[in-house]
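Colleague: Protein chains in written order, with this note's numbering: chain W, 197 to 350; chain C, 73 to 180.
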Amino acid sequence: MKQIKMQIISRRNILLLLGGATGSLLFSNYALAKPNLALNKIKEISKNTKVEETDLFLDVPEIAENGNQVKVSFDIDSPMTQDDYVKTVYILADGNPAPNVAKFSFSTDMGACSATTRMRLSKTQNVYLLAEYNNGNFAMTKSKVKVTIGGCGG
Amino acid sequence: MSKIKPRGKVPKKASVDEIIEIKTLIRHPMHSGRMKDKDGKKIPKRIINKFLVKFNDKQVFGMDLEPSISTNPYIAFPFKAKESGTFNFEWIDDNGEKYTMSRKMTVS
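1) With distance defined between alpha-carbon atoms, name the residue in Asn-167/C, Asn-160/C, Gly-168/C and Asp-165/C nearest to Gly-80/C.
2) Can you give me the C-alpha to C-alpha distance between Ser-274/W and Lys-130/C, rounded to a whole angstrom?
3) Mind checking Val-88/C: buried by the 16 CB within 10 Å criterion, or exposed?
4) If we count the other Cβ atoms within 10 Å of its Cβ and call it buried at 16 or more, is Gln-321/W buried or exposed?
5) For Ser-339/W and chain C, any beta-carbon pair shorter than 7 Å?
6) If you reduce the DSSP assignment to three classes, tell me which class Ser-87/C lands in.
7) In its own chain, which residues sit with a C-beta less than 8 Å from the C-beta of Thr-143/C, not counting the 5 before and 5 after it?
8) Got a sec, what are the start and stop residues for the alpha helix (DSSP H) Lys-239/W sits in?
9) To the nearest angstrom, how far is the alpha carbon of Val-297/W from that of Glu-155/C?
10) Evaluate the contact criterion for the stretch 289-296 of chain W versus the stretch 114-124 of chain C: three or more CB pairs, one atom per stretch, below 8 Å.
11) Does the CB of Ser-156/C have a neighbour CB from chain W at under 7 Å?
12) Would you identify the three-state DSSP class for Asp-255/W, choosing helix, strand or coil?
13) Along the chain, where does the beta strand (DSSP E) that runs through Glu-249/W open and close?
14) Between the stretch 300-314 of chain W and the stretch 230-240 of chain W, do at least 3 Cβ pairs fall closer than 8 Å?
15) If we require 3 or more residues per run, which beta strand (DSSP E) segments fall completely within the stretch 74-133 of chain C?
16) For Met-336/W, I'd like the list of residues in its chain whose CB is within less than 8 Å of its CB, leaving aside the five on either flank, ordered along the chain.
17) Which residues does DSSP pair with Tyr-146/C in a beta bridge?
18) Taking Cβ-Cβ distances shorter than 8 Å, what residues in chain W pair up with Val-132/C?
19) Take Lys-117/C as the anchor and find which of Gly-105/C, Lys-110/C and Glu-169/C has the nearest alpha-carbon.
20) Residues in the stretch 266-300 of chain W with C-beta within 7 Å of chain C's C-beta atoms, listed in sequence order?
21) Using the beta-carbon count (16 or more within 10 Å), is Gly-112/C buried or exposed?
22) Please list, in chain order, all residues of the same chain as Phe-300/W whose beta carbon is under 6 Å from its beta carbon, the five residues on each side excluded.
23) In chain W, which residues lie with their C-beta within 7 Å of the C-beta of Tyr-146/C?
24) Which term fits Ser-140/C, buried or exposed, when burial requires 16 or more other beta carbons within 10 angstroms of its beta carbon?
25) For Met-173/C, which residues from the same chain have a beta carbon less than 7 Å from its beta carbon, with the 5 sequence-adjacent residues on both sides left out?
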């Protein structure tokens with residue numbers, strides 16, 4: 197009789213422990229994942245291949261007074277020939293509600309790999325530029341933008 | 073809502089192998105789905121999600137836009153002039169509506 201009682205208690209304890217453990221695990225995962233949405237996305241896009249961090253030319257202001265209209269432009273040095281060109285360029289931001297900002301598809305007819313657009317930034321954060329080359333290689337760079345007034349509505 | 077109107081700037085003339093810059097702008101609210109109107113109600117998401125450029129019916133440039141792109145999206149990109157032809161620009165929004173514009177360029 198005594199033994200059975202002991203068993204019940206220990207089983208309940210184990211369940212409690214397990215519950216607590218998974219709960220804290222989930223929570224820590226969530227806490228870790230939050231500031232790295234953009235990096236997770238980069239991993240997803242590059243399918244976990246090695247992404248080289250180089251100094252691609254990413255032009256964003258150091259301080260953006262208005263987060264609604266932040267000019268972003270980039271220029272990647274590439275011959276843009278059939279054998280060697282930049283296929284796709286992604287712009288990501290790690291502090292926005294969604295990390296993706298834009299995806300550009302380039303072709304060899306363009307002669308150069310650059311573009312300019314304007315984006316919204318909700319708060320001070322890092323802006324990432326990820327380039328995919330035709331041979332499957334990836335390169336990225338990042339730049340921090342200080343935002344005075346956030347621009348994602350609310 | 074103001075009328076959605078595309079605008080673009082393409083040089084009329086260019087020399088062979090010159091890299092020209094094309095600038096486009098479309099007047100569009102780009103509702104991200106997070107903004108609220110005066111009564112505090114959420115404005116449904118409606119953005120331009122795709123921008124395509126064709127030169128003589130061959131696709132040369134494309135862009136996927138996300139809610140993080142500003143109102144009245146401005147897009148500038150380069151192009152290497154080789155022959156005369158027509159650019160066709162196309163913007164597609166969440167409602168499936170298409171806005172188009174075409175510009176001619178002479179290469180000498």
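All C-beta atoms, glycine included, are put in the ideal place defined by N, C-alpha and C.
Modeller: Working from what's here:
1) Asn-160/C
2) 22 Å
3) exposed
4) buried
5) no
6) coil
7) His-100, Pro-101 and Met-102
8) 233-241
9) 33 Å
10) no
11) no
12) strand
13) 247-249
14) no
15) 78-81, 91-98 and 120-127
16) Ile-238, Val-247, Glu-248, Glu-249, Thr-250, Leu-252, Tyr-324, Leu-325, Leu-326 and Ala-327
17) Leu-97/C
18) Ser-303, Asp-305 and Met-306
19) Gly-105/C
20) Ala-289, Asn-292, Pro-293, Ala-294, Asn-296, Val-297, Ala-298, Lys-299 and Phe-300
21) exposed
22) Val-285 and Ala-311
23) Thr-313 and Arg-314
24) buried
25) Pro-78, Gly-80 and Phe-161
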